[in-house]
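Chains as they are written, first to last, in this note's numbering: chain A, 1 to 61; chain B, 1001 to 1139.
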Amino acid sequence: MSKVTLLNSVAEHAAGQTLELDDETADRWILLGYAEGELSRAYDQVEVEALNVDHQVVTLG
Amino acid sequence: MASQHYNLALQEFWKASMGDITAAGTTVKCRLMRTSAYTISQAHQFASSLPAAIVTDVTLGTKVANGGGGADPGCFDAADATFLAVPSGAAIDCLAVFRDTGTPASSNLLFYIDGFTVTPNGGDITVQWQNSAPWIAKL
């Protein structure tokens, strides 16, 4: 388990909260910029790109 | 349609009946929607007028009433909103922000935003609020 602090509001979790998540979810949220915390392991660029492939961003304004 | 406040929310702001929307104890949520399933009406006051959620609504955090780090009083802002694993389907092109009481029939609609479109691919969708006034919305 890993602790993260949310930078974004993610689903039912409001930004600013500190959560304890399984390592895989915590790492994913950190790498996608949803949260800050310590990664459980090192990730290479290919892995990071694979995580991002389905992430869509809508910028308003 | 254009992005707009719900007039009945403005009415309640003037009456101060909704309390401090930015308070930690006040839950404010954002719902992604499709204009094919929802047409805004100024007769709508509560979340019970919205279509069923496509994906778990996002609970907004880091709420402020003075966006821009305090530079824009009257502008509501919050951290960007990430919707997890939005099911694939037709384009999503509007959203509503509401004060959640836990009961849709008493959850005040605050404002409606359109003018964007995203076709969900099954992955996460992050909504980045405008990075200048009115941020999310200005009274």
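By construction, the Cβ of each residue, glycine as well, lies at the ideal position given by its N, Cα and C atoms. Remember, it's a predicted structure, so these values are computed and weren't measured experimentally.
Nonlocal neighbours in the same chain, by C-beta distance under 8 Å from residue i, ignoring five residues either side
i	result
B:Thr-962	Given a span of 1001 to 1139 for chain B in the structure shown, any question on residue 962 of chain B remains unanswerable.
Own chain partners of residue i with C-beta closer than 7 Å, once the 5 adjacent residues on each side are dropped
i	result
B:Val-1118	Ala-1091, Ile-1092 and Ile-1125
B:Thr-1138	The identity of residue 1138 of chain B in the sequence shown is Lys, whereas the question assumes Thr. Within the same chain, B:Lys-1138 has close Cβ partners Gly-1074 and Cys-1075.
B:Ser-1107	Phe-1046, Ala-1047, Phe-1098, Arg-1099, Asp-1100 and Thr-1101
B:Ile-1113	Ser-1003, Cys-1094 and Leu-1095
A:Arg-28	Leu-51
B:Pro-1120	Val-1086, Pro-1087, Ser-1088, Gly-1089 and Ile-1092
B:Tyr-1038	Leu-1050, Pro-1051 and Cys-1094
B:His-1044	Tyr-1006 and Leu-1109
Cβ distance (whole Å) where residue i is taken to contact residue j below 8 Å
i	j	result
A:His-13	A:Leu-7	With 8 Å as the limit, A:His-13 and A:Leu-7 do not qualify as a contact, their Cβ atoms being about 11 Å apart.
B:Gly-1019	B:Thr-1027	With 8 Å as the limit, B:Gly-1019 and B:Thr-1027 do not qualify as a contact, their Cβ atoms being about 11 Å apart.
A:Ser-40	A:Leu-21	So it is not a contact: roughly 10 Å between Cβ atoms.
Cut-off 6 Å between Cβ atoms - residues of its own chain near residue i, not counting five sequence neighbours on either side
i	result
B:Phe-1111	His-1005, Val-1097 and Ala-1137
B:Ile-1042	Sequence inspection shows Gln at residue 1042 of chain B; the Ile mentioned does not correspond to that position. So the qualifying residues of the chain are Asn-1007.
Three or more C-beta pairs under 8 Å: does that hold for the stretch 1065-1074 of chain B against the stretch 1126-1135 of chain B?
yes
At a Cβ cut of 9 Å, what residues of the stretch 6-21 of chain A count as close to chain B, listed as they run along the chain?
Leu-6, Leu-7, Asn-8, Ser-9, Val-10, Ala-11, Glu-12, His-13, Ala-14, Ala-15, Gly-16 and Gln-17
Taking only beta carbons into account, state which residues of the stretch 1045-1066 of chain B come closer than 9 Å to chain A, listed in chain order.
Val-1055, Thr-1056, Asp-1057, Val-1058, Thr-1059, Leu-1060, Gly-1061, Thr-1062 and Lys-1063
3-residue-minimum beta strand (DSSP E) runs that sit fully inside the stretch 1029-1105 of chain B, ordered along the chain
1064-1067, 1072-1077, 1081-1083 and 1092-1100
Can you give me, in chain order, the residues of the stretch 1113-1132 of chain B that have a beta carbon less than 9 Å from any beta carbon in chain A?
Ile-1113, Gly-1115, Phe-1116, Thr-1117, Val-1118, Thr-1119, Pro-1120, Asn-1121, Gly-1122, Gly-1123, Asp-1124, Ile-1125, Thr-1126, Val-1127, Gln-1128, Trp-1129, Gln-1130, Asn-1131 and Ser-1132
Using a Cβ-Cβ cutoff of 8 Å, what residues of the stretch 1065-1083 of chain B are near chain A? List them in chain order.
Ala-1078, Ala-1079, Asp-1080, Ala-1081, Thr-1082 and Phe-1083
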